[in-house]
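Participant: I'd like to ask some things about the structure below.
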Amino acid sequence: MSGTLTANAKNAPRRHHSVSTPADRLIRLVALRFGGEKAKELERFIKFAFVGLLGFVIDTGTVIILQNSLLPPVTTNNQPLDANVALATSVAFVLAVCSNFVWNRLWTYPDSRSRSARRQLSQFFIVSVIGWALRTVWIDFAYQSLGEMSTEFIKMLNADYAPALLDQNKLGTMLALFVGVIVVTAWNFLANRYWTYNDVD
Numbered sequence: 031m032s033g034t035l036t037a038n039a040k041n042a043p044r045r046h047h048s049v050s051t052p053a054d055r056l057i058r059l060v061a062l063r064f065g066g067e068k069a070k071e072l073e074r075f076i077k078f079a080f081v082g083l084l085g086f087v088i089d090t091g092t093v094i095i096l097q098n099s100l101l102p103p104v105t106t107n108n109q110p111l112d113a114n115v116a117l118a119t120s121v122a123f124v125l126a127v128c129s130n131f132v133w134n135r136l137w138t139y140p141d142s143r144s145r146s147a148r149r150q151l152s153q154f155f156i157v158s159v160i161g162w163a164l165r166t167v168w169i170d171f172a173y174q175s176l177g178e179m180s181t182e183f184i185k186m187l188n189a190d191y192a193p194a195l196l197d198q199n200k201l202g203t204m205l206a207l208f209v210g211v212i213v214v215t216a217w218n219f220l221a222n223r224y225w226t227y228n229d230v231d
């Protein structure tokens with residue numbers, strides 16, 4: 031009897047851990063309406079975008095908190111501090127990646143289970159590190175210039191606008207981060223879809 035139970039347990043289909051949200055029905059309807067033969071792929075992309083939006087909130091929120099507390103983007107002598115910008119955006123990126131992995135595994139790709147969670151996390155992490163490297167190089171390169179450009183633009187609208195270097199660099203960081211998130215989101219979706227989660231139909 032115990033042997034039969036053991037055999038049945040081994041032969042039983044593995045349950046996929048997944049989550050459902052109030053948005054699922056609407057997302058499915060939109061995907062069916064506009065996706066045609068690729069409705070399932072469009073549904074995954076929409077879910078991936080929602081997960082990315084949550085990651086973006088975590089990402090930007092963490093940067094704002096860190097730059098206003100532990101890691102200001104300027105020194106006490108009012109000089110740009112690239113190391114703090116890189117560290118703040120990197121910590122934020124790691125937190126966002128952790129959130130994105132959990133939500134994508136449980137919600138966007140619940141049917142991707144031919145690989146262990148550990149292996150998928152490793153692949154997801156590699157993809158994310160490449161994205162992080164591209165994003166960090168871009169932000170370090172662009173944040174001061176974007177801060178200066180945005181300050182000049184705002185001055186055209188309001189001649190009295192004269193932000194401190196700290197505020198200018200915070201604004202530049204946010205603008206550079208926004209551009210970086212768009213590019214890295216596209217990279218993450220394509221790389222993860224065709225590598226990390228390539229076992230789904």
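Be aware that the sequence shown starts at 31, since it is given in my numbering, and climbs by one per residue.
Beta carbons are placed, not taken as given, at the ideal position from N, Cα and C, and that holds for glycine.
Only a predicted model underlies this, so the values are computations on that prediction, with no experimental measurement involved.
With distances taken from CA atoms, which of Phe-183, Ala-79, Glu-182, Ala-118 is nearest Asn-98?
Facilitator: Ranking the options by Cα distance to Asn-98, first place goes to Ala-118.
Participant: Tell me which residues share the same chain as Gly-85 and place their Cβ nearer than 6 Å to its Cβ, disregarding the 5 neighbours each side in the sequence.
Facilitator: Within the same chain, Gly-85 has close Cβ partners Ala-126, Ser-129, Asn-130.
Participant: Which residue wins for smallest C-alpha separation from Ile-57, given the options Leu-100, Leu-96, Thr-138?
Facilitator: Ranking Leu-100, Leu-96, Thr-138 by Cα distance to Ile-57 puts Thr-138 first.
Participant: Can you tell me whether Pro-103 is buried or exposed? The criterion is at least 16 other CB atoms within 10 Å of its CB, across all chains shown.
Facilitator: The residue in question, Pro-103, is buried, as its Cβ has 16 or more Cβ neighbours within 10 Å.
Participant: Indicate the three-state DSSP secondary structure (helix, strand or coil) for Thr-36 in the structure shown.
Facilitator: Reliability of the predicted coordinates at Thr-36 is poor, the pLDDT of 45 falling under 50, and no value is obtained from them.
Participant: When the Cα atoms are used, what is the spatial distance from Leu-220 to Val-159?
Facilitator: If you take the alpha carbons of Leu-220 and Val-159, they lie about 15 Å apart.
Participant: Can you grab the Cα-Cα spacing for the pair Met-186 / Arg-148, in whole Å?
Facilitator: Their Cα atoms are separated by approximately 52 Å.
Participant: Does DSSP put Val-49 in a helix, a strand or coil?
Facilitator: Correct three-state label for Val-49: coil.
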